[in-house]
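Enquirer: So that we are looking at the same thing, I have put the structure below in structure tokens.
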Amino acid sequence: MEDNLISRNSSDCEMEQENVRFEVNDLEFCFTCGTILPLPSLEDHLMCRLCKKTIKINQWNGKTLKNVYLINASEYLNETVKHTGLKSEDFMGTLVDRKCSKCGHEGMTYSTRQTRSADEGQTVFYGCPKCKSQEIEHS
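Following UniProt numbering, the numbering of the sequence shown begins with 1 at its first residue and continues without gaps.
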């Protein structure tokens, strides 16, 4: 099956814009600009509506597409730590506008988990980066 695997040269499908880097390696998106491609028709190719790049669809016949997503948040975290004075261990999740009920600090981190049955809401765990108190909300 390895011989049926399509791998793309990352230089063909990387794009940098306003300090955001992403790779496109999926037939649903244009390899050049990242725009969503139209659905295949009777023609033997797809054409991006934005940049007009043409992609032959027969190159995908019998192939398996493997996507690898690399997420590196360390640069973002380091910049945030530098500008806010917080330590990296202060980040337990995404920062939201919520006031800590213990110390009154404006801004808490949160993460979610499905702790009950699937037909019930998720559980939200809030953490205060200042006093380290934790709050739980069943939504």
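Backbone N, C-alpha and C fix where the C-beta goes; we use that ideal spot for every residue, glycine too.
All figures in this text were calculated on a predicted structure; none of them were measured in a lab.
Run through DSSP, which three-state label would Q59 get?
Expert: By one-based count along the sequence shown, residue 59 stands at place 59. In the displayed model, Q59 falls within a helix according to three-state DSSP.
Enquirer: Could you give the DSSP three-state label for F125: helix, strand or coil?
Expert: By one-based count along the sequence shown, residue 125 stands at place 125. Look at F125 here: in three-state DSSP terms it is strand.
Enquirer: Which same chain residues end up closer than 6 Å to Q134 when comparing Cβ atoms and leaving out the 5 residues on each side of it in sequence?
Expert: Stepping through the sequence shown from its first residue, residue 134 is reached at position 134. Correct list, in chain order: G127.
Enquirer: Look up D44 in the DSSP assignment and say whether it is helix, strand or coil.
Expert: As a position in the sequence shown, residue 44 is number 44, starting the count at 1. Coil.
Enquirer: Say whether chain D places a C-beta atom closer than 8 Å to the C-beta of E43.
Expert: Here there is only one protein chain, and chain D is not present.
Enquirer: Check E120 in the structure and name its three-state DSSP category.
Expert: Here the question's residue 120 lines up with position 120 in the sequence shown. Of the three classes helix, strand and coil, the one that applies to E120 here is coil, per DSSP.
Enquirer: Output the distance between the C-alpha atoms of E106 and E137, rounded to the nearest integer angstrom.
Expert: Position 106 of the sequence shown holds residue 106. Position 137 of the sequence shown holds residue 137. Taking the straight line from one Cα to the other gives about 17 Å.
Enquirer: Quick one: what's got a C-beta closer than 6 Å to L50's C-beta in the same chain, skipping five residues either side?
Expert: Taking the first residue of the sequence shown as 1, we reach residue 50 at position 50. Within the same chain, L50 has close Cβ partners C33, T35.
Enquirer: Which residues does DSSP list as the beta-bridge partners of Q134?
Expert: Your numbering for residue 134 matches position 134 in the sequence shown. BP columns for Q134 point to G127.
Enquirer: Does the beta-carbon of L39 have 16 or more other beta-carbons within 10 angstroms, so that it is buried, or is it exposed?
Expert: The count along the sequence shown starts at 1 and reaches residue 39 at position 39. Answer is exposed; the Cβ neighbour count stays below 16.
Enquirer: Determine the DSSP secondary structure at S101, reduced to helix, strand or coil.
Expert: Indexing the sequence shown from 1 puts residue 101 at position 101. In this structure, S101 counts as coil in the three-state DSSP scheme.
Enquirer: Let me know if C103 comes out buried or exposed under the rule of 16 or more other beta-carbons within 10 Å of its beta-carbon.
Expert: On the sequence shown, residue 103 is found 103 positions in, with the first residue counted as 1. So C103 ends up on the exposed side.
Enquirer: Which of the three DSSP states is assigned to L95 in this structure?
Expert: Within the sequence shown, residue 95 is the residue found at index 95, counting from 1. L95 falls in the strand class under three-state DSSP.
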